[in-house]
Each structure stands twice: as C-alpha cells, then as structure tokens.
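Report on the structure given below.
Protein chains: 2
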Amino acid sequence: MARKPADQSVSREAILLAAADVLQRNGYEATTMKDIAAAVNLTAASLYHHFRNKDALLLAVLEAGLEQVLSQIESIVHSKLSSTDKLQQMIRAHVMGLTQNTAVGAAMVFEIRSLMGAKEPAVGASPADHQAYKDFVERRALFFARRDEFENLFRLVVREGIENHSFYPVDVGLFTKIMLGAHNWVGVWYKPEGRLSGEAIAERIAETMIRALKP
Amino acid sequence: MARKPADQSVSREAILLAAADVLQRNGYEATTMKDIAAAVNLTAASLYHHFRNKDALLLAVLEAGLEQVLSQIESIVHSKLSSTDKLQQMIRAHVMGLTQNTAVGAAMVFEIRSLMGAKEPAVGASPADHQAYKDFVERRALFFARRDEFENLFRLVVREGIENHSFYPVDVGLFTKIMLGAHNWVGVWYKPEGRLSGEAIAERIAETMIRALKP
DNA sequence: AAAATAATCTAATCTTGGTTAGATTATTCA
DNA sequence: TGAATAATCTAACCAAGATTAGATTATTTT
Chain V
112 MARKPADQSV SREAILLAAA DVLQRNGYEA TTMKDIAAAV NLTAASLYHH FRNKDALLLA
172 VLEAGLEQVL SQIESIVHSK LSSTDKLQQM IRAHVMGLTQ NTAVGAAMVF EIRSLMGAKE
232 PAVGASPADH QAYKDFVERR ALFFARRDEF ENLFRLVVRE GIENHSFYPV DVGLFTKIML
292 GAHNWVGVWY KPEGRLSGEA IAERIAETMI RALKP
Chain R
112 MARKPADQSV SREAILLAAA DVLQRNGYEA TTMKDIAAAV NLTAASLYHH FRNKDALLLA
172 VLEAGLEQVL SQIESIVHSK LSSTDKLQQM IRAHVMGLTQ NTAVGAAMVF EIRSLMGAKE
232 PAVGASPADH QAYKDFVERR ALFFARRDEF ENLFRLVVRE GIENHSFYPV DVGLFTKIML
292 GAHNWVGVWY KPEGRLSGEA IAERIAETMI RALKP
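Chains as they are written, first to last, in our numbering: chain V, 112 to 326; chain R, 112 to 326.
Put into structure tokens, the structure is as follows:
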C-alpha cells in the first residue's frame, strides 16, 4: 500500500479525541491500542511516543472529558442565578456534554473501574518505572478528587435550593445520584441520529428533574 | 496443598451466581475464567464442562438476572393496581433486585455490549462450531428481545398513567430512559454497608419518580 | 459391581494484545 | 545546513488468558 504522504503528525489532542470515541464504543478492556491507533492512522507502537502506556492514555482521556464539563459546571454554580436556573443549566451542560463529545461521558461513566486495574511495577523494575507508577497513582487520585468535586457541585445546588425553599426537601445525596444516573445513562443510549436532539434531551431531563423538586 | 475432599459437585446455578458477582465487580473483559472458577473452587478448565465458552457463560448470567426481575415486573403490570401503584411497585422491584442480587443488575447494565463481541467461528471450523455459534446468536437475540420487553413494560405503565390522567404528560420514551438510568446507576454506586438500605433507596427513588410525574 | 456418565483436574496449546528495540523519516533550531 | 529532537514505522518479544486434550475420580444406572 502507498505510504500516506506524512499526514502531518498527530497531536496528543487528536489521539485523546479518537480514543475517547473508541473507548465509549467498546469499553476499556475491549479496545486495543491498535484500535485507537487505527482511528488516527497510526501504529500501535506509535502511541507509546505520546503516552507511557494504555492506562496513562485512558486516564488522560478521562481527565480531559471531566475537565471539559466541570469547568462549565463550576462557572454556573458560582453565578448568581436562582437555584432552579443553576440546576437547569448544570443539567443542560452535563447532558449536552454527554451527547456531543461522545467521549466525555460514557467513557467516564464506564471506564472508571478500569483505572483501578493498573498494576504496580515488578519489584525488580527500574526506578524510572517506579516513579512513573507513582505519578500515575497520584494523577489517578487527583482525577477521583475532581470527580467527587463534580458530584458535590450538584449536591451543593440541590441543598441550596432546599434551604431557600425553591426545592422540595429531598434526600440530597440520593437525589443527586438519581439525577446523575439519569444523565450518565444518556451516554449509553443516545444516538446522534435518534428522534431527539441532544439539546432536546438535555432540556427535557432538566424539566423532569426540576419538576421532581417542585416544593 | 491438601485436596479438598470432594466438595460436592458445583451446580450450574452456583456458577452463575458467583460469576455474576465477579462480573459485576470487574466487568466482562477484565474477569478471567480463572476468577470465576476460583469463586466456586474450581479450575478454569472445569467451567467448560458447564458452559461452552465464556460468552455463553456471560449470556447465561444475563438471562438469569433479567428473568428474575422481569417475572416480577410482569405480574405487577398485569395486576389491577392503579397506574401510580404499579409504577411504584415496579420501581421497587427493579431497584431492590439491583441491590440484592448484586449480580442481576450492574452486570446486566454494563456487560451487554460485551455480548456483541462474540466472534464467528473461522471459515474452516467444524460444523459443530457453526451450529454452536448459531445457537448463541439466537439466544442472544432472544435475550435482547426480553430486554426490550422489560423497557416496554415501563413505557406501558407510564403511558397508561398519562392516559388516565394520573401522570403528567411527559415524553414517554424519554421519561422511561431517565427512570431506568436512575435505577441502573444504583447498581454502580450501591454498597451494602452504605447509609441507606436497598429498600430505603428503592422506596425513595419510587417517590421521586412519581413526584416527577405528578399531573 | 460393571458400565456409562458426570465433574474435575493437570498440562499443553494458541492467540491476542500490550510493550519494547532499533531503524527511519521529518522537523526544528542554532 | 548540520545537529538535535520528534514522530513513526517494522519486527520482536512476552505474558496473560481462553480453550482443548487426555487422564482421573465420583456418581448413577442397570
């Protein structure tokens, strides 16, 4: 086959994007480095120039996805909208993120446990390997912290709304789980060519949640 | 190590139970036949006496889990309770199934796509292999059909409730997805030692959904 | 209790997929 | 432009894990 004329080097970003997509479709264990590489016209081996290993790649995908939504959510929370409006917009941001950047969501939803599978370097491994592992563990912890933060922001707004009597006094923790569950599930069934647009879905989920919170 | 004194032969049921548990924890690709075997004090090879292969085992787990909940749901739907009571009980059944038989739910939620990974026998494979594959594909289709049935029962009740003016006229399809998403997610975060019992969770989710449907 | 069948085991096979080594080609920078 | 660096590639390597073969032990059946 004719060699592609130096398709320009592939950016880390491009890899993350493609990887996220493949991961969402197949799940972590089921997607091979080759799959990901193929998605950007590279060889599996080439990926190792950009990422230390498969786990690091996964983590990078998750980080990117989380930050993307988290940044939006944060600014909404810190705005001075009413509790109802805040929640409405947070839900929209989350759900639309899930439907647009196919990556963002479902990957995050499903692959988190895979992160735990990273195995320590053997006792005889090089110090570099040990350092790399240590770094990984640290980044992973950071990721989980950010993830908790995400959930806490939703909790916060729900609690706030209850306190200022905008919302019915639900169990804050549980309601938040219910809500996030509903959102995350969208990443599982959503198809771009489906009956409802991402926006319409986001809109209606927000309505539903807010209706459930009506005092 | 001393050989275990003929621990009695392990039943297919026992394997399914154990497998479901392990699968829920690790996911399909990440759990090895050895893992499953270990959970019932067997050797990986021994599992092949009970199931044709890993895929068949997974499918059997999913079938069992689905049927268990589905049977309950069906009888509720066909009862003559009010739409509200039906829905309330259906939600309870589903969520409690998810929290009790740890197996049942989360496994089902996450592993379905794994089912699609089953690869056809090579062109040169034995006729027996081809037949086996054909059977598998058929059972799988049946499974998905049952699964759709499950979702449809929820849709049915929501629609019924809207028609008899018990429920607010939501988008039936979407609301059902929201609801099932919330349920399924329970299988992801629920921990038996957590703050809320499975029953309490089920109860409150039902309340929440019904509140969201208040006309 | 012999024969047939069921349930397990150990040992080997085979494939897949992550990872590494070393060479090659492109790019950038001094 | 020549040296350093970046990005890729091809070719191995290696380990893990599914599956198979064949032997062994238990349980039924007749």
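Yeah, the Cβ is synthetic: ideal placement off N, Cα and C, and Gly gets one too.
Computed from a predicted structure; not experimentally measured.
Output the boundary residues of the alpha helix (DSSP H) element that contains residue 284(V).
Segment 283-300, the alpha helix (DSSP H) holding residue 284(V).
Counting only Cβ pairs nearer than 7 Å, list the residues of chain R close to residue 293(V).
The contacting residues are 289, 292, 293.
Looking only at its chain, what residues have a beta carbon closer than 6 Å to the beta carbon of residue 241(R), apart from the 5 residues adjacent to it on each side?
So the list reads 232, once near-sequence residues are dropped.
Is there a C-beta anywhere in chain V that falls below 8 Å from the one on residue 265(R)?
Chain V contact via Cβ: absent.
Using 8 Å as the threshold, is the C-beta distance between residue 285(V) and residue 315(R) below it?
A contact, by the Cβ cut-off of 8 Å.
Quick one: which chain R residues come within Cβ less than 9 Å of residue 210(V)?
What residue 210(V) touches in chain R: nothing, since even the nearest Cβ is about 13 Å away.
Taking the beta carbon of residue 142(V) as the centre, do at least 16 other beta carbons fall within 10 Å, making it buried, or is it exposed?
Residue 142(V) is buried by the Cβ-count criterion.
Compute the Euclidean distance between the alpha carbons of residue 323(V) and residue 293(R), then round it to the nearest angstrom.
About 13 Å.
My assumption, with CB atoms under 8 Å, is that residue 175(V) sits in contact with residue 127(V). Please give the rounded CB distance.
Contact holds; Cβ gap of about 5 Å.
Which bits of chain R does residue 195(V) rub up against, with CB to CB less than 9 Å?
Here the premise fails: no neighbours, minimum Cβ distance about 15 Å.
Assign residue 137(R) to one of three DSSP states: helix, strand, or coil.
Looking at residue 137(R) - three-state DSSP - the assignment turns out to be helix.
Given that a residue counts as buried once 16 or more other Cβ atoms are within 10 Å of its Cβ, and exposed if not, what is residue 270(R)?
Result: buried.
Measuring only the C-alpha atoms, how far is residue 177(R) from residue 208(R)?
Taking the straight line joining both Cα atoms gives about 10 Å.
What does the alpha-carbon distance come out to for the pair residue 186(V) and residue 319(V)?
Each residue's alpha carbon lies about 23 Å from the other.
Pull up the CB-CB distance for residue 180(V) and residue 313(V), whole angstroms please, since I reckon it's below 8 Å.
Wrong, their Cβ atoms sit about 12 Å apart, outside the cutoff.
At a Cβ threshold of 8 Å, is residue 178(R) touching chain V?
Taking Cβ atoms only, chain V never reaches closer than 8 Å to residue 178(R), which makes this a no.
Here's the rule I'm using: 16 or more other beta-carbon atoms within 10 Å means buried, otherwise exposed. How should residue 299(V) be labelled?
Classification of residue 299(V): buried, given that the 10 Å Cβ count is 16 or more.
Between the Cα of residue 150(R) and the Cα atoms of 304(R), 161(R), 138(R), 130(R), which residue gives the shortest distance?
Among 304(R), 161(R), 138(R), 130(R), the Cα nearest to that of residue 150(R) is on 130(R).
Is there at least one Cβ from chain V nearer than 8 Å to residue 138(R)'s Cβ?
Yes, because at least one Cβ of chain V sits closer than 8 Å to the Cβ of residue 138(R).
What's the gap between the Cα of residue 260(R) and the Cα of residue 156(R)?
Computed Cα separation, rounded: 35 Å.
Identify whether residue 144(V) lies in helix, strand or coil by the three-state DSSP scheme.
Of the three classes helix, strand and coil, the one that applies to residue 144(V) here is helix, per DSSP.
Residue 73(R) by DSSP, collapsed to three states: which one?
The structure shown has nothing for residue 73(R), since chain R only spans 112 to 326.
Keeping to the same chain, check which residues put their C-beta closer than 6 Å to that of residue 265(V); ignore five residues upstream and five downstream.
The answer, listed in chain order, is 287.
Please report how far the alpha carbon of residue 198(V) lies from the alpha carbon of residue 279(V), in whole angstroms.
Going from the Cα of residue 198(V) to the Cα of residue 279(V) covers about 14 Å.
Nearest by alpha-carbon distance to residue 170(R): which of 305(R), 308(R), 250(R) is it?
Closest by alpha carbon: 250(R).
Does residue 272(R) come within less than 8 Å of chain V when only Cβ atoms are used?
Answer no: the Cβ-Cβ gap between residue 272(R) and chain V never drops below 8 Å.
Checking contacts by CB at 8 Å: is residue 268(V) closer than that to chain R?
So no, residue 268(V) is outside the interface.
According to the Cβ coordinates, are residue 277(R) and residue 194(R) closer than 8 Å?
It is a contact, given that the beta carbons lie within the stated cut-off.
Please decide whether residue 319(R) counts as near chain V, where near means a Cβ-Cβ distance under 8 Å.
For residue 319(R), the answer is yes, since a Cβ of chain V falls inside 8 Å of its Cβ.
Can you tell me the Cα-Cα spacing of residue 296(V) and residue 326(R), whole angstroms?
When rounded, the distance between both Cα atoms is 25 Å.
Using the three-state DSSP reduction, which class does residue 113(V) fall into: helix, strand or coil?
Annotation note: pLDDT 27 at residue 113(V) (below 50); position unreliable, coordinate value reported separately. In the structure shown, residue 113(V) sits in coil (DSSP, three-state: anything other than H, G, I, E or B).
Closest Cβ-Cβ distance between residue 316(R) and chain V: below 8 Å?
Interface residue, yes.
Could you list the residues in the region 229-255 of chain R with a C-beta less than 8 Å from some C-beta on chain V, going in chain order?
The region 229-255 of chain R vs chain V, Cβ under 8 Å: nothing.
Within the continuous alpha helix (DSSP H) that includes residue 167(V), where are the two ends?
Segment 165-188, the alpha helix (DSSP H) holding residue 167(V).
Check for me: the alpha helix (DSSP H) holding residue 243(V) runs from which residue to which?
Where residue 243(V) is concerned, the enclosing alpha helix (DSSP H) stretches over 238-274.
Which of the three DSSP states is assigned to residue 120(V) in this structure?
In this structure, residue 120(V) counts as coil in the three-state DSSP scheme.
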